[in-house]
């Protein structure tokens, strides 16, 4: 029921996932609304979708706490419960992010050994892709959180990309170990120790100016910094495209040039298009929960659904549990050596 | 003596400032090296430059603390002392930023009422320009610091742009007052109070995704977040240009297109070129001190020198002192109502 495009776009995405990726979805929401939407695709074989009814709708403005208490029969509750009960492989929503996180925590629970689950996403770089986490689930972090992000991010990147020992970097404002704020300086010490132990392949600080050039496979940061990074990128991109488009509008020569450059411009904007990434996994809860962009189109939703299936086939939850339980004692030991916040 | 290009580029910049902007500079550094450089410009009228000799050179790797104790006869020390003694209107350096900040603090001292001076810079946006501060002088901030940044930023923006009551926003990850991390939530409360008092024109949170679209005239944040914002912008820009260039290289049609689009692409890259901004003022010390980009070219250095003269003519230091002393009591009152850090 969620997302800026509402059920119409979500259903179109599920239809696309069924056709293009042969992934079968369970549609959760108001049965009547869903059936009306499905009637737009009369050629679909019967039984392509299961529908689970959910009465209540969570709006983009609903506060997470209110959702937890008040809207127990929302599509988010019902969908996540299907995952918990093993009736669905994973959950995808383009709806209210705060509500999806809160319900995922309550219904799926955390993986044992993880204090704070994190939102992670792949971003394109000049040499490939980087996974960055957290993107906003935890706005104030302790070093221990960043260590756990490093362990979870490594598992996820490795599973998605087939890289055995992905590099892990700490997003920072300088290359040297002594650079940064209180959090990054303390985290650097502990991440180095974790790297020495072989639990992650820590490669040190990733300076923000290198992030899109030659950063690390996995880049960890607190959720405030991660969100700023993601959204500033979006903002620069919008300004750049609008500035070039504006020039083209008033300059007939540029207009002709743009036609010739179509492929070049398209290749870049395709690279920068978040729609192809499907969604951002909420890593650290004990089940697959994927957060889509509010303005996800049908293509993005189809990719999000495919992502659920892919992660489930690769047994991400089993692998996260195994990896975290292996390093949990060591993480806790490291935490005791952390110095108190110097404020 | 500083900057990636060394004295040769700095002297070329000073020559450019003299020719283009009619601004006379005092060159501080190794007299012999400077005179050798000046010999490259035989047509310069005699007396275009004064030279002050400084024996010692601060390298990019020197730690600020070491510089303060050990290199008392560096060009940074000598130059800032000229400002303090009223023999120069302002100081500009493209050298070691940490050393310039440390020496500025020690020699010029802080403006009374300012706890932490901040580095500020103008960034282009879709609707004009935004001043953002702090960019890295203070990686861990208290709300009081952000309030002082707001007051100083308003004075600076107003003076540079002729805007009477510039809008001040708080860089954050959401629009609503309740969004953000501990620092931004506490700062929002205090900035709102300061706005009600009329000391600044506070307009609330500026979400990162709106920063380059329709942010505020002045945007305040801690130095870690500001540095990440600036450097991620640089990183995205480099990736975008390189991605488009890469396509052009292998695609003859795109190559032809780029010729037609020359003006459009140039207009954008000119807008994004930090060289035209000269440098970033270190706001809050009791004298003009401008920090140039390490890789500043002669054009950037000339603009930095012009900036010193412009700010001096507009009496920025007098105006900052007046404005800060007017709001200092109120700032301190606000600080007492701030809640303790919740860590």
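Chains as they are written, first to last, in the numbering used here: chain A, 487 to 829; chain B, 487 to 829. Think of the CB as a built atom: it goes at the ideal place given N, C-alpha and C, for glycine as much as any other residue.
The beta carbons of residue 515 of chain B and residue 579 of chain B sit no closer together than 7 Å.
Cα atoms of residue 630 of chain A and residue 821 of chain A: separation of roughly 6 Å, rounded to the nearest angstrom. Flagged as an interface residue toward chain A: residue 717 of chain B, by a C-beta distance shorter than 7 Å. Close to residue 763 of chain A, with beta-carbon spacing below 7 Å, lies no residue of chain B; the smallest spacing is near 16 Å.
Residue contact check for residue 821 of chain A against chain B: no CB pair falls below 7 Å. For residue 670 of chain A, the uninterrupted alpha helix (DSSP H) run begins and ends at 668-682, by DSSP.
Excluding five sequence positions before and after residue 713 of chain A, the CB atoms of its chain that fall closer than 6 Å to its own CB belong to 621, 622, given in chain order. Between residue 639 of chain A and residue 654 of chain A the beta-carbon gap is near 7 Å, inside 8 Å, which marks them as a contact. Against chain B, the CB of residue 529 of chain A has no partner CB under 7 Å away; the residue lies outside that interface. Considering only A:691, A:685, A:681, A:679, the residue with the shortest C-alpha distance to residue 670 of chain A is A:691. At a cut-off of 7 Å between C-beta atoms, residue 667 of chain B counts as an interface residue with respect to chain A. Neighbours of residue 682 of chain B across chain A, judged by C-beta separation under 9 Å, do not exist; the nearest C-beta is about 26 Å away.
Under the DSSP assignment, residue 514 of chain A falls outside any alpha helix (DSSP H), being part of the beta strand (DSSP E) whose first and last residues are 512-515.
When only Cα atoms are considered, residue 733 of chain A and residue 766 of chain B end up about 29 Å apart. Residues of the segment 681-701 of chain A with a C-beta atom less than 8 Å from some C-beta of chain B are 693, 694, 695, 696, 697, 698, 699, listed in chain order. Within the segment 599-620 of chain A, the residues whose Cβ lies closer than 9 Å to any Cβ of chain B are, in chain order, 610, 611, 612. In terms of Cα proximity to residue 803 of chain A, the closest of A:794, A:774, A:780, A:796 is A:774. Considered as a whole, the segment 515-541 of chain A harbours 517-524 as its complete alpha helix (DSSP H) runs of no fewer than 4 residues, in chain order. In the structure shown, the three-state DSSP call for residue 603 of chain B is coil.
Among the residues facing chain A, residue 673 of chain B is not included, as its CB has no counterpart in that chain under 7 Å away.
Contact annotation: residue 586 of chain B and residue 718 of chain B have beta-carbon atoms that are not nearer than 7 Å. In this chain, the beta strand (DSSP E) harbouring residue 766 of chain B covers 766-769.
Under the DSSP assignment, residue 616 of chain A falls in the beta strand (DSSP E) whose first and last residues are 614-619. Residue 622 of chain A reaches chain B at 659, counting residues in chain order whose Cβ is nearer than 7 Å. Just measuring C-alpha positions, the residue of A:574, A:559, A:550, A:504 sitting nearest residue 517 of chain A is A:559. Of the residues assessed, residue 801 of chain A falls on the exposed side of the cut-off, its CB having fewer than 16 other CB atoms within 10 angstroms. Under the criterion of beta carbons closer than 8 Å, residue 619 of chain A and residue 677 of chain A do not qualify as touching, at roughly 14 Å.
The contact set of residue 711 of chain B on chain A, defined by CB atoms closer than 8 Å, consists of 710, 711, 714 in chain order. A residue is called buried when at least 16 other Cβ atoms come within 10 angstroms of its Cβ; residue 673 of chain B meets this threshold and is buried. The beta carbon of residue 575 of chain B is closer than 7 Å to those of 774, 794, 795, 798 in its chain, skipping five residues each way along the sequence. It is roughly 25 Å from the alpha-carbon of residue 635 of chain A to the alpha-carbon of residue 554 of chain A. Taking 7 Å as the cut-off, the beta carbon of residue 599 of chain B is found closer than this to the beta carbon of residue 811 of chain B. Interface with chain A (7 Å Cβ-Cβ cutoff): residue 722 of chain B is included. Take residue 711 of chain B, set aside five residues on each side of it, and the residues of its chain with a beta-carbon closer than 8 Å to its own are 657, in chain order. The alpha-carbon separation between residue 590 of chain B and residue 685 of chain B amounts to approximately 27 Å. Of the candidates A:791, A:537, A:529, the residue whose Cα lies closest to the Cα of residue 508 of chain A is A:791.
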